[in-house]
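Data block below; observations after.
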Amino acid sequence: MSDEPYIPDHGDDSFDVTHYSLGLAYKVVGNRLDGDAELACLARTGTTSVTLDLAHLRVSRVLLDGKPVRYSHRGSRLKITAGLAAGQQFELRVKYAGSPSTLKARHLDDAGWEELTDGVIVAAQPHGAPTWFPCNDRPSNKATYAVTLAAPSDYYVAMCGRLTDQRRRGSVTDWTWEMTHPMATYLATVQIGRYEVRDLEHGIVVVAPSDLAGEGYDASFGEQPEMMAYFETVFGDYPFDAYTVVVTDDPLEIPLESQSLSTFGRNFASADWDAVRLVAHELAHQWFGNAVTLTEWNDIWLHEGFACYAEWLWSEESGRESAAEQAEHHHGKLSDLDQDLLLADPGPALMFDDRVYKRGALTLHALRTTVGDEPFFDVLRQWVERFGGGNATTADFEAVVEEVTGEPRADLFDSWLRELPLPALPS
Ligand SMILES: [Zn+2]
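In terms of my numbering, the sequence shown opens at residue 2 and continues consecutively.
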């Protein structure tokens, strides 16, 4: 079992899944999912059992290396009897079915597979992956994926990576998407709706209701090619093969990043800065969060602080407020709030608190002001180059900073990350 304290009872440290091959069939009417999952795995330690996460869905069969095997499925934990030696490769196959729905977790909003008015959204961060496939649900176990999903032919199905096959069989169409870059379970997604596909420049595809257009749309989603071009100059090349932006017909309170795909409600088709900044924010997560993923959830500032700082960078680049003005503004607002949140370990209840986002961004701005622009952006590019495709910690980030700038910045990181009072911004 994983000892991850933020999302307890998810994940198993004794093995890694290296590849998920999922064969799914979904009926929109009736919300029925049938699944056949083949998982290529590697034992990290010798063990007599391995545990997968799968919630609300009923398992009918489990095979280990092609042979039926004993298992027990209690709550969302599927424990499989398996005598394995450290370093042993093995394959698990799980057949399952049921009505998928979101999963609860202490201190957190429900996450996972959810029916829309007409379609499906999977918003799995941070604990919702087990609502649609059996997985080793810890962010430190990244794997590649091939997913085929059969859905009624009048719907579009968007998933992570590249669409490699689309085959119509009368009233049902099989969609195959492949993610060849390592991906954390919570970043896998399925989006089903009555969507039209629009190609923008820079490899960006918008999947949206056909009536979605106009000034608001152009101002937020239409800015993405420029955002992409700019972020590539400051963060390095876009880390994946494609970028799909799904806009649901239902309004959504907040957008969400998945790997190579982000999901917004149609309410984000707006020229308001609050819409534009979140379009930039989700795109920036492709570098910070998705390519470079935290090892444990306490380091969530490595995702949210960086994506928030990318908003401020885009603000400046697009001729709005400068990053320094944004930093001043948010520093002032934060100084009026309770300073009882430890950025390096906010706890599960506060991991998505807005103060994590803003203080995280301010930490980066303080670093930039201290070391200068050129070393700062070097640090960001080195970070992605070195840890892209894998996992990293705050200590790893501090080591990159020390290496690139030639000095440890322990005082700066201590005061922003490991102490409660809000430090002054360096001038
Ligand atoms: Zn975010």
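By construction, the Cβ of each residue, glycine as well, lies at the ideal position given by its N, Cα and C atoms.
Span of the beta strand (DSSP E) around F307: First-last for F307: 302 to 318, but that is the alpha helix (DSSP H), not the beta strand (DSSP E).
Take Q260 as the anchor and find which of P140, P409, T103, E386 has the nearest alpha-carbon. P140
Since I believe P127 is in contact with I8 (beta carbons under 8 Å), could you give me their beta-carbon distance rounded to a whole number of angstroms? About 6 Å; that satisfies the 8 Å criterion.
Can we count E305 as close to ligand 1, meaning its CB is less than 8 Å from some heavy atom? The answer is yes for E305.
Is the beta carbon of Y358 within less than 8 Å of some heavy atom of ligand 1? For ligand 1, at least one heavy atom lies less than 8 Å from the Cβ of Y358.
Near ligand 1: E283 beta-carbon under 8 Å from a heavy atom: Because some heavy atom of ligand 1 lies under 8 Å away, the Cβ of E283 counts as near it: yes.
Is Q260 helix, strand or coil by DSSP? coil
How many whole angstroms separate the CB atoms of A86 and A125, which I take to be in contact at a CB cut-off of 8 Å? 32 Å between Cβ atoms; not a contact.
Quick check: what's the CA-CA separation for G258 versus Y72? The amino acid occupying residue 258 in the given sequence is Glu; Gly does not appear at that position. Using only the alpha carbons, I get a separation of about 34 Å.
DSSP beta-bridge partners for A26? A26 is bridged to D35, A151.
DSSP has N268 in a bridge; who is on the other side? Paired residues: none, contrary to the question.
Given the structure, does H128 come close to ligand 1, in the sense that its CB is under 8 Å from one of the ligand's heavy atoms? no
beta-carbon A159 near ligand 1 non-hydrogen atom, thresh 8 Å: No.
I'd like to confirm the pairing. Which residues does DSSP put opposite C136 in its beta bridges? Its beta-bridge partners are D54.
7 Å CB neighbourhood of D300 in its chain, flanking five on each side removed: T394, T395
Taking 8 Å as the cut-off, is the beta-carbon of E258 closer than that to any non-hydrogen atom of ligand 1? yes
Which same chain residues end up closer than 6 Å to R278 when comparing Cβ atoms and leaving out the 5 residues on each side of it in sequence? E312
Spatially closest choice to P296 from R195, N392, G361, by CA coordinates: Reading the sequence as shown, one finds Thr at residue 296 and not Pro. For the residues R195, N392, G361, the minimum Cα distance to T296 belongs to N392.
Distance, C42 Cα to H20 Cα: Just so you know, the alpha carbons of H20 and C42 end up roughly 7 Å apart.
How big is the Cα-Cα spacing for S271 and H282? 15 Å
Should G162 be counted as a contact of ligand 1 given a C-beta to heavy atom distance under 8 Å? no
Apart from the five residues just before and just after V405, which ones in its own chain have a Cβ nearer than 7 Å to its Cβ? For V405, the CB contacts under 7 Å within the same chain, skipping 5 residues up- and downstream, are P376, D379, V380, Q383 in chain order.
Quick one: is the Cβ of A276 within less than 8 Å of any heavy atom of ligand 1? no
Between which two residues does the beta strand (DSSP E) harbouring K359 extend? Not the beta strand (DSSP E): K359 falls in the alpha helix (DSSP H), residues 355 to 372.
In the DSSP assignment, find the unbroken alpha helix (DSSP H) run with L413 in it and report its ends. 411 to 414
Just the C-alpha distance for G24 and L104, rounded to the nearest angstrom, thanks. 22 Å
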